[in-house]
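Before any comments, here is the structure.
There are 2 protein chains.
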Amino acid sequence: MANQPRGETCKELQAALDIISGKWKPIILFHLMENETLRFSELQRAIPEITKKMLTSQLRELEYNNIIDRKVYQQVPPKVEYSMSDYGHGLKPLLVSMRSWGFNHLEHLKGLYGEDNEKMMEN
Amino acid sequence: MANQPRGETCKELQAALDIISGKWKPIILFHLMENETLRFSELQRAIPEITKKMLTSQLRELEYNNIIDRKVYQQVPPKVEYSMSDYGHGLKPLLVSMRSWGFNHLEHLKGLYGEDNEKMMEN
DNA sequence: CTGGATCCTGTCGGATACTG
DNA sequence: CAGTATCCGACAGGATCCAG
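Residue numbers (UniProt numbering), protein chains in the order written: chain X, 1 to 123; chain E, 1 to 123.
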């Protein structure tokens with residue numbers, strides 16, 4: 001009790017957000033959740049707009065947080081496979097809940113502001 | 001089915017993230033969830049580090065998304081009260097889940113990298 | 001093929017001053 | 001009291017080149 005968010009609190013929530021926020025983390029995670037293992041190049045092809053730098057950095061962060069596993073095959077054309085870690089799978093329900101809420105929310109916004117509008121917050 | 005995240009997908013998840021991401025949204029939301037209604041100045045005092053500009057902008061976004069209600073009292077010293085909207089309360093379970101996962105994750109990281117370390121990703 | 005190293009830019013967020 | 005208006009620095013993220 002007395003767990004009111006005062007001062008520097010909410011770090012638990014922040015910790016969760018740090019994992020999935022960032023421009024590419026969500027889509028990377030969904031790809032990995034649905035494909036068991038993916039090579040670096042497969043992820044690149046699955047997410048054409050992402051740059052190698054971004055893909056690398058996002059994967060590194062996920063790996064650091066033990067969400068995904070990185071398996072390196074020591075061979076001449078390098079081969080690296082990424083997959084959700086056992087621990088990382090525990091994130092799935094949360095992601096599903098978030099997507100579900102998000103889907104509903106998009107519908108909600110349509111009801112509020114109409115179908116044809118995306119953001120309308122301009123200026 | 002066939003809802004694989006391809007191309008510009010994951011927008012539902014992004015929609016959810018857009019609501020709660022941002023440096024101050026989480027703590028603002030928790031304050032509003034625990035306090036029924038709060039005035040602008042009360043939020044300022046509750047979150048001393050935040051600037052008025054940030055507080056205003058974050059509240060505006062939450063209001064635009066119908067997460068919170070903004071009630072203006074037309075009187076000489078202005079008075080504005082913020083509170084979770086009915087719709088906004090539907091976000092609570094998600095936030096609680098996220099905080100819970102985040103708490104567990106912080107423990108998990110401690111187990112991986114030790115207590116005394118915060119990020120260690122430097123360089 | 002899987003990255004690392006640089007450089008660059010847009011946006012997010014902070015500081016400060018002003019206003020109804 | 002509850003904001004708005006500016007200015008500005010920091011940093012996430014992109015483009016490009018280099019490397020094992």
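Cβ coordinates follow ideal geometry from the N, Cα and C atoms, glycine included.
Rounded to the nearest angstrom, how far is the Cβ of residue i from that of residue j, given a contact under 8 angstroms?
i	j	result
Ile19 (chain E)	Ile68 (chain E)	That belief does not hold up - the Cβ atoms of Ile19 (chain E) and Ile68 (chain E) are roughly 11 angstroms apart, past 8 angstroms.
Leu55 (chain E)	Gln44 (chain E)	6 angstroms
Ile109 (chain E)	Asn65 (chain X)	Residue 109 (chain E) is actually Leu in this sequence, not Ile. With 8 angstroms as the limit, Leu109 (chain E) and Asn65 (chain X) qualify as a contact, their Cβ atoms being about 7 angstroms apart.
According to DSSP, what are the bridge partners of residue i?
i	result
Arg70 (chain X)	X:Tyr82
Arg39 (chain E)	E:Glu81
Please state if the CB of residue j and the CB of residue i are separated by a distance shorter than 7 angstroms.
i	j	result
Ala15 (chain E)	Leu106 (chain X)	yes
Glu12 (chain X)	Gly111 (chain E)	no
Ser85 (chain E)	Leu94 (chain X)	no
Tyr87 (chain E)	Lys79 (chain E)	no
Leaving out five residues before and five after residue i in sequence, what residues of the same chain have Cβ atoms less than 6 angstroms from its Cβ?
i	result
Met120 (chain E)	Below a pLDDT of 50, predicted positions are generally treated as unreliable, and Met120 (chain E), at 45, falls in that range; the measurement from the model is reported next regardless. No residues qualify anywhere along the chain.
Thr37 (chain E)	Glu81 and Ser83
Phe40 (chain X)	Val80
Ile50 (chain E)	Trp24
Glu8 (chain X)	Here Glu8 (chain X) scores only 46 on pLDDT, less than 50, and its place in the model should not be relied on; the value that follows carries that caveat. Contacts found: none.
Leu17 (chain E)	none
Ser100 (chain X)	none
Short of 7 angstroms in beta carbon distance, which residues of its chain neighbour residue i, apart from the five on each side in sequence? Order them along the chain.
i	result
Pro26 (chain X)	Ile20
Leu32 (chain X)	Leu38, Ile68, Tyr82, Ser83 and Met84
Arg6 (chain E)	Its pLDDT being 37, under 50, Arg6 (chain E) is placed unreliably in this model, and the value from its coordinates should be taken loosely. Closer than 7 angstroms at Cβ, skipping near neighbours: no residue.
Lys92 (chain E)	Met33
Over what stretch of residues does the alpha helix (DSSP H) that includes residue i continue unbroken?
i	result
Pro56 (chain E)	Here the sequence assigns Thr to residue 56 (chain E), which means Pro is not the residue at that position. It spans Lys52 to Tyr64 - the alpha helix (DSSP H) in which Thr56 (chain E) sits, taken as one unbroken run.
Gly111 (chain E)	Lys92 to Tyr113
Ile20 (chain E)	Lys11 to Ile20
Taking 8 angstroms as the limit between beta carbons, can you name the residues of its chain near residue i, skipping five residues before and five after?
i	result
Gly22 (chain E)	Gln58 and Glu61
Ile47 (chain X)	Trp24, Ile27, Ile28, His31 and Leu55
Arg70 (chain X)	Leu59, Glu63, Val80, Glu81 and Tyr82
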